[in-house]
Ligand code: PEP
Ligand code: MN
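Numbering (our numbering), first residue to last: 84 to 361.
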């Protein structure tokens, strides 16, 4: 049976697409750590986070300047000032930056500060936005919609490629489940499934899946064992004061140890894979 998507299909390209962002390669054999705060809040907060991400061997710094909040009364992000702080912090430590773009009219301004454009879960099926980032000259990280099937997700990615932008990274961040202890339901199986369906690289976000900092490390380990090209983790220098997603933020000073633990899993999994193929 013919697949409903064409350009993103594994049949179109047999090897995984590698996306280069500065010195970071996503989809190559290297494991990529993306980390940073949920929201950009201040210069001090961004610099502390950037230094921690750098010290942990991160490849990309994250930080939201335009936040898609459930409540209109919640912190909506610093807007362009946030983009400026993010870019400044990234430049200070020599890391490229990723941030969310909420609407088509913001694609140009976000592209002028960010190295990678993030499409959030709530916007995965926003077709005008998908077309707009498809025309941008920046890689796009497309998060899975919280109630989307894999085919819907891949068709959303197809919109971006169909506009001429082939640099798309998929990000699994969990889907809506029925378990109130967990923010979302992480789906590690989707990683090897995607490998069979698409050539696009796959990142896993254990922070928005778990919603609790104590579950971020084990969820990230599961993602790596499942073969993810990298993980995206929310960190904060002082999680108790975070304006958004404090409960899931890993304290910055714990990131280097967490990264070392993740790299141990990377090594173990790769050794195992090698042993299996002999
Ligand atoms: C985020 O990564 O900042 C975010 C809002 O996540 P999601 O779109 O997955 O909810
Ligand atoms: Mn968040």
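All C-beta atoms, glycine included, are put in the ideal place defined by N, C-alpha and C.
Judged by DSSP in its simplified three-state form, residue 282 adopts coil rather than helix or strand.
In the displayed model, residue 224 falls within a strand according to three-state DSSP. The C-alpha of residue 301 is placed about 10 Å away from the C-alpha of residue 341.
Per DSSP, the unbroken beta strand (DSSP E) holding residue 253 starts and ends at 251-255.
With contact defined as three or more Cβ pairs closer than 8 Å, the stretch 145-160 and the stretch 345-352 are not in contact. Taking 8 Å as the cut-off, the Cβ atoms of residue 239 and residue 197 do not count as close.
Exposure of residue 343 is indicated by the presence of fewer than 16 other C-beta atoms within 10 angstroms of its C-beta. The criterion of a C-beta distance shorter than 8 Å is not satisfied by residue 286 and residue 305. The shortest C-alpha to C-alpha distance from residue 257 to any of 249, 236 and 288 is the one to 288. Relative to ligand 2, even the nearest heavy atom lies 7 Å or more away from the CB of residue 254.
Selection around ligand 2 by beta-carbon proximity, strictly under 5 Å to any non-hydrogen atom, yields 121 and 328 in chain order. Distances taken from the Cβ of residue 231 to the heavy atoms of ligand 1 include none shorter than 7 Å. Residue 114 counts as buried, since at least 16 other C-beta atoms from the protein chains shown sit within 10 angstroms of its C-beta. Residue environment: residue 242 is assigned as buried (16 or more neighbouring CB atoms within 10 Å of its CB, all protein chains considered). Within the same chain, and ignoring the five residues on either side of residue 265 in sequence, the residues whose Cβ sits closer than 7 Å to its Cβ are 293 and 294. Rounded to the nearest whole angstrom, the CA to CA distance from residue 188 to residue 232 is 28 Å. Residue 219 is not a Cβ neighbour of residue 251, given a cutoff of 8 Å.
Of 330, 270, 334 and 336, the smallest CA-CA separation from residue 307 is found for 270.
By DSSP's assignment, residue 260 forms no beta bridge with any residue. Here residue 347 is exposed: its Cβ has fewer than 16 other Cβ atoms, across all protein chains shown, within 10 Å. Beta-carbon to beta-carbon, residue 202 and residue 169 are separated by about 17 Å, too far to satisfy the 8 Å threshold.
Per DSSP, residue 337 is not a residue of any beta strand (DSSP E), being assigned neither H nor E. The three-state secondary structure of residue 238, taken from DSSP, is helix. When DSSP states are grouped into helix, strand and coil, residue 145 belongs to the strand group.
Of the heavy atoms belonging to ligand 1, none sits nearer than 7 Å to the Cβ of residue 154.
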